[in-house]
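Engineer:
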Amino acid sequence: MLSLLFFTTALAASAFHTSSSVCGAGSSIGTYTIRANDTIYSIATTLNRGVCPLARYNHLSDPELLYPGEVLYVPPEACNTNGSDTSCLLSLQNSTTNNCIFGGPHTYRTFEGDTLRKIALGKFNITLEALESSVGRMAGVSSPDEIIEPNTFIKLPQCNPSSCGIKPLEYVWGTYKDLAEEYGTTPGQIFALNPTFNHSSTGPGAGGWITLPVNCGLEEEKYAVVS
(Lines of atoms letter the chains of each structure in order from A and count residues from 1; the text may use other names and numbers.)
(Lines give C-alpha, C1' and ligand atoms only; values in the text may rest on other atoms or scores of the structure.)
Protein backbone atom coordinates (compact mmCIF):
# COMPACT_ATOMS: atom_id res chain seq x y z
CA MET A 1 0.00 0.00 0.00
CA LEU A 2 1.22 3.49 -0.85
CA SER A 3 0.89 6.52 1.38
CA LEU A 4 1.74 9.97 0.05
CA LEU A 5 4.32 11.86 2.11
CA PHE A 6 2.20 14.81 3.16
CA PHE A 7 2.31 15.65 6.85
CA THR A 8 1.33 19.30 6.78
CA THR A 9 -1.60 20.50 8.84
CA ALA A 10 -3.32 23.83 8.43
CA LEU A 11 -1.84 24.96 11.72
CA ALA A 12 1.70 24.06 10.73
CA ALA A 13 1.35 25.77 7.36
CA SER A 14 0.06 28.90 9.06
CA ALA A 15 2.99 28.97 11.47
CA PHE A 16 5.41 28.41 8.61
CA HIS A 17 4.17 31.42 6.64
CA THR A 18 3.87 33.62 9.71
CA SER A 19 7.52 33.02 10.55
CA SER A 20 8.63 33.80 7.00
CA SER A 21 6.79 37.14 7.00
CA VAL A 22 8.15 38.21 10.39
CA CYS A 23 11.75 37.29 9.65
CA GLY A 24 12.13 38.65 6.15
CA ALA A 25 14.73 40.57 4.17
CA GLY A 26 16.98 42.87 6.16
CA SER A 27 16.28 41.30 9.54
CA SER A 28 19.61 39.52 10.00
CA ILE A 29 21.75 40.64 12.94
CA GLY A 30 25.01 39.24 11.56
CA THR A 31 26.68 36.44 9.63
CA TYR A 32 28.57 33.25 10.41
CA THR A 33 31.09 31.59 8.08
CA ILE A 34 30.95 27.80 8.20
CA ARG A 35 34.22 26.15 9.24
CA ALA A 36 35.53 22.62 8.81
CA ASN A 37 33.84 20.17 11.18
CA ASP A 38 30.95 22.56 11.89
CA THR A 39 27.50 21.02 12.11
CA ILE A 40 24.12 22.70 12.20
CA TYR A 41 23.95 21.70 15.87
CA SER A 42 27.31 23.21 16.83
CA ILE A 43 26.56 26.41 14.90
CA ALA A 44 23.14 26.74 16.52
CA THR A 45 24.76 26.35 19.94
CA THR A 46 27.44 28.92 19.13
CA LEU A 47 24.84 31.44 17.95
CA ASN A 48 22.37 30.60 20.72
CA ARG A 49 19.70 29.80 18.18
CA GLY A 50 17.51 26.79 17.51
CA VAL A 51 18.50 24.38 14.77
CA CYS A 52 15.33 24.82 12.71
CA PRO A 53 14.94 28.59 13.16
CA LEU A 54 18.52 28.91 11.89
CA ALA A 55 18.05 26.44 9.03
CA ARG A 56 14.74 27.89 7.84
CA TYR A 57 16.04 31.44 8.04
CA ASN A 58 18.88 30.49 5.67
CA HIS A 59 16.71 28.24 3.46
CA LEU A 60 19.04 25.28 3.85
CA SER A 61 17.99 22.43 1.58
CA ASP A 62 19.33 19.90 4.10
CA PRO A 63 20.46 21.49 7.39
CA GLU A 64 22.94 18.66 7.90
CA LEU A 65 24.62 19.28 4.54
CA LEU A 66 27.03 22.18 5.13
CA TYR A 67 30.16 23.27 3.27
CA PRO A 68 33.08 25.19 4.81
CA GLY A 69 33.25 28.77 3.56
CA GLU A 70 29.52 29.20 3.10
CA VAL A 71 28.01 32.12 4.97
CA LEU A 72 24.90 31.84 7.14
CA TYR A 73 22.77 34.74 8.32
CA VAL A 74 22.01 35.03 12.04
CA PRO A 75 18.28 35.39 12.73
CA PRO A 76 17.17 37.96 15.32
CA GLU A 77 15.84 36.67 18.62
CA ALA A 78 12.26 37.29 17.47
CA CYS A 79 12.75 34.61 14.82
CA ASN A 80 14.12 32.08 17.29
CA THR A 81 10.72 30.62 18.13
CA ASN A 82 10.51 27.02 19.35
CA GLY A 83 14.26 26.58 19.61
CA SER A 84 13.95 22.85 20.35
CA ASP A 85 12.06 22.15 17.10
CA THR A 86 13.72 19.61 14.78
CA SER A 87 10.84 19.14 12.32
CA CYS A 88 12.85 20.78 9.52
CA LEU A 89 15.41 17.95 9.50
CA LEU A 90 15.28 14.91 7.25
CA SER A 91 14.08 11.90 9.21
CA LEU A 92 13.99 8.21 8.34
CA GLN A 93 10.45 7.07 7.52
CA ASN A 94 11.02 3.53 8.78
CA SER A 95 7.32 2.64 8.66
CA THR A 96 6.88 3.42 4.96
CA THR A 97 5.56 0.70 2.67
CA ASN A 98 5.98 2.67 -0.56
CA ASN A 99 7.84 0.72 -3.23
CA CYS A 100 8.13 3.51 -5.82
CA ILE A 101 7.96 7.28 -6.12
CA PHE A 102 5.07 9.23 -7.56
CA GLY A 103 5.91 10.98 -10.81
CA GLY A 104 9.66 11.33 -11.09
CA PRO A 105 12.39 11.95 -11.86
CA HIS A 106 13.93 8.67 -12.96
CA THR A 107 17.45 9.41 -11.72
CA TYR A 108 19.04 11.00 -8.66
CA ARG A 109 22.53 12.47 -8.26
CA THR A 110 23.94 11.80 -4.81
CA PHE A 111 25.13 14.43 -2.35
CA GLU A 112 27.78 14.27 0.36
CA GLY A 113 26.69 12.04 3.22
CA ASP A 114 24.14 10.10 1.19
CA THR A 115 23.60 6.42 1.94
CA LEU A 116 21.03 4.10 0.42
CA ARG A 117 19.13 4.20 3.70
CA LYS A 118 19.11 8.00 3.84
CA ILE A 119 18.06 8.28 0.19
CA ALA A 120 15.24 5.75 0.48
CA LEU A 121 13.82 6.49 3.93
CA GLY A 122 14.96 10.06 4.50
CA LYS A 123 14.55 11.63 1.08
CA PHE A 124 12.13 9.65 -1.11
CA ASN A 125 9.86 7.89 1.43
CA ILE A 126 10.27 4.47 -0.19
CA THR A 127 11.45 1.23 1.35
CA LEU A 128 15.14 0.42 1.37
CA GLU A 129 14.38 -2.81 -0.49
CA ALA A 130 12.64 -0.91 -3.29
CA LEU A 131 15.63 1.37 -3.79
CA GLU A 132 18.17 -1.46 -3.60
CA SER A 133 16.30 -3.44 -6.26
CA SER A 134 16.34 -0.41 -8.57
CA VAL A 135 19.91 0.71 -7.90
CA GLY A 136 21.62 -2.66 -8.11
CA ARG A 137 25.38 -2.05 -8.15
CA MET A 138 25.14 1.52 -9.40
CA ALA A 139 25.81 3.00 -5.95
CA GLY A 140 29.14 1.21 -5.55
CA VAL A 141 28.53 0.30 -1.91
CA SER A 142 28.17 -2.99 -0.07
CA SER A 143 26.04 -1.75 2.83
CA PRO A 144 22.92 0.44 3.01
CA ASP A 145 24.73 2.62 5.55
CA GLU A 146 27.96 3.04 3.58
CA ILE A 147 28.53 6.56 2.27
CA ILE A 148 28.03 6.80 -1.50
CA GLU A 149 30.48 8.82 -3.56
CA PRO A 150 28.97 12.28 -4.25
CA ASN A 151 27.72 12.91 -7.81
CA THR A 152 26.90 9.25 -8.38
CA PHE A 153 23.81 8.79 -10.56
CA ILE A 154 21.35 6.12 -9.44
CA LYS A 155 18.02 4.97 -10.82
CA LEU A 156 14.82 5.38 -8.85
CA PRO A 157 11.77 3.09 -8.93
CA GLN A 158 8.76 4.99 -10.30
CA CYS A 159 5.07 4.22 -9.97
CA ASN A 160 3.30 3.92 -13.33
CA PRO A 161 0.93 5.64 -13.93
CA SER A 162 1.69 8.56 -11.63
CA SER A 163 2.61 12.20 -12.02
CA CYS A 164 3.70 15.46 -10.41
CA GLY A 165 3.06 19.01 -11.40
CA ILE A 166 6.12 21.20 -11.92
CA LYS A 167 6.43 24.87 -11.01
CA PRO A 168 9.19 27.43 -10.47
CA LEU A 169 9.44 28.62 -6.87
CA GLU A 170 11.35 31.53 -5.38
CA TYR A 171 12.84 29.73 -2.39
CA VAL A 172 12.80 32.26 0.45
CA TRP A 173 12.14 30.24 3.61
CA GLY A 174 12.32 26.77 5.11
CA THR A 175 14.07 23.53 4.20
CA TYR A 176 13.31 21.01 1.47
CA LYS A 177 11.47 18.92 4.04
CA ASP A 178 9.22 21.89 4.80
CA LEU A 179 8.54 22.43 1.09
CA ALA A 180 7.84 18.74 0.52
CA GLU A 181 5.25 18.64 3.27
CA GLU A 182 3.57 21.80 2.04
CA TYR A 183 3.45 20.94 -1.67
CA GLY A 184 2.78 17.20 -1.68
CA THR A 185 6.11 15.79 -2.78
CA THR A 186 9.26 14.39 -1.13
CA PRO A 187 12.54 16.10 -0.24
CA GLY A 188 14.37 13.71 -2.56
CA GLN A 189 12.35 14.77 -5.58
CA ILE A 190 13.25 18.40 -4.90
CA PHE A 191 16.92 17.46 -4.49
CA ALA A 192 16.85 15.50 -7.75
CA LEU A 193 15.46 18.43 -9.72
CA ASN A 194 17.87 20.94 -8.15
CA PRO A 195 21.21 19.10 -7.89
CA THR A 196 23.40 22.21 -7.59
CA PHE A 197 21.43 24.09 -4.92
CA ASN A 198 22.46 23.90 -1.26
CA HIS A 199 21.32 27.15 0.31
CA SER A 200 20.57 30.67 -0.81
CA SER A 201 23.33 33.24 -0.36
CA THR A 202 20.85 36.11 -0.76
CA GLY A 203 19.71 36.02 2.85
CA PRO A 204 16.27 35.80 4.47
CA GLY A 205 13.23 37.02 2.58
CA ALA A 206 14.96 36.77 -0.80
CA GLY A 207 16.08 33.68 -2.61
CA GLY A 208 17.06 31.84 -5.71
CA TRP A 209 14.60 30.04 -7.93
CA ILE A 210 14.21 26.28 -7.80
CA THR A 211 12.14 23.75 -9.73
CA LEU A 212 9.45 22.34 -7.46
CA PRO A 213 7.46 19.14 -8.03
CA VAL A 214 3.94 19.54 -6.63
CA ASN A 215 0.91 17.36 -5.88
CA CYS A 216 2.64 14.08 -6.70
CA GLY A 217 0.37 11.06 -6.73
CA LEU A 218 -0.99 8.01 -8.49
CA GLU A 219 -3.17 8.46 -11.57
CA GLU A 220 -4.87 5.10 -11.10
CA GLU A 221 -5.37 2.78 -8.15
CA LYS A 222 -3.49 -0.05 -9.85
CA TYR A 223 0.11 0.67 -10.74
CA ALA A 224 3.34 -1.00 -11.78
CA VAL A 225 6.86 -0.31 -10.57
CA VAL A 226 9.25 0.72 -13.34
CA SER A 227 12.95 1.45 -13.07
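Under mature numbering (1 follows the signal peptide of the UniProt record, and there is no 0), residues -15 to -1, 1 to 212 are what the sequence shown spells out, in order.
Built from N, CA and C at the ideal position, the CB exists for glycine as well.
Nothing here was measured: the structure is a model prediction, and the numbers come from that model.
1. If you count every other CB in all the chains shown that lies within 10 Å of the CB of A115, and 16 or more means buried, which is it?
2. Taking the straight line between their C-alpha atoms, what separation do you get for V120 and E62?
3. Could you check the C-alpha separation between S212 and W158 for me, to the nearest Å?
4. Out of I86, Y17, L77, which one is the CA nearest neighbour of S147?
5. For R41, report the span of its alpha helix (DSSP H) as first-last.
6. So V59 and T24 are supposed to be a Cβ contact under 8 Å. How far apart are they, rounded?
7. Suppose you measure from the CA of N79 to the CA of K103; what does that come to, to the nearest Å?
8. When the Cα atoms are used, what is the spatial distance from C201 to K140?
9. What's the gap between the Cα of A168 and the Cα of T31?
10. So, at 6 Å on beta carbons, what are the nonlocal neighbours of F138 in its own chain, with the 5 sequence-adjacent residues on each side left out?
11. Helix, strand or coil: which one does DSSP assign to Y208?
12. Could you give the distance in angstroms between the alpha-carbon of L197 and the alpha-carbon of S118?
13. Grab the span of the alpha helix (DSSP H) containing Q174 for me, first residue to last.
Structural biologist: Quick answer:
1. A115 comes out buried.
2. Whole-angstrom Cα-Cα distance: 45 Å.
3. Distance between the alpha carbons of S212 and W158: 33 Å.
4. For S147, the nearest C-alpha among the options comes from I86.
5. Run containing R41: 36 to 42, per the alpha helix (DSSP H) assignment.
6. About 16 Å separates the CB atoms of V59 and T24; that is not less than 8 Å, and the two are not in contact.
7. Rounded to the nearest angstrom, the two C-alpha atoms are 10 Å apart.
8. For C201 and K140, the gap between their C-alpha atoms comes out near 18 Å.
9. Strictly speaking, residue 168 in this sequence is Tyr, with Ala absent from that position. Rounded to whole angstroms, Y168 and T31 show a C-alpha spacing of 33 Å.
10. T92, R94, listed in sequence order.
11. Secondary structure of Y208 (DSSP, three-state): coil.
12. Cα to Cα, L197 sits roughly 27 Å from S118.
13. For Q174, the enclosing alpha helix (DSSP H) stretches over residues 172 to 178.
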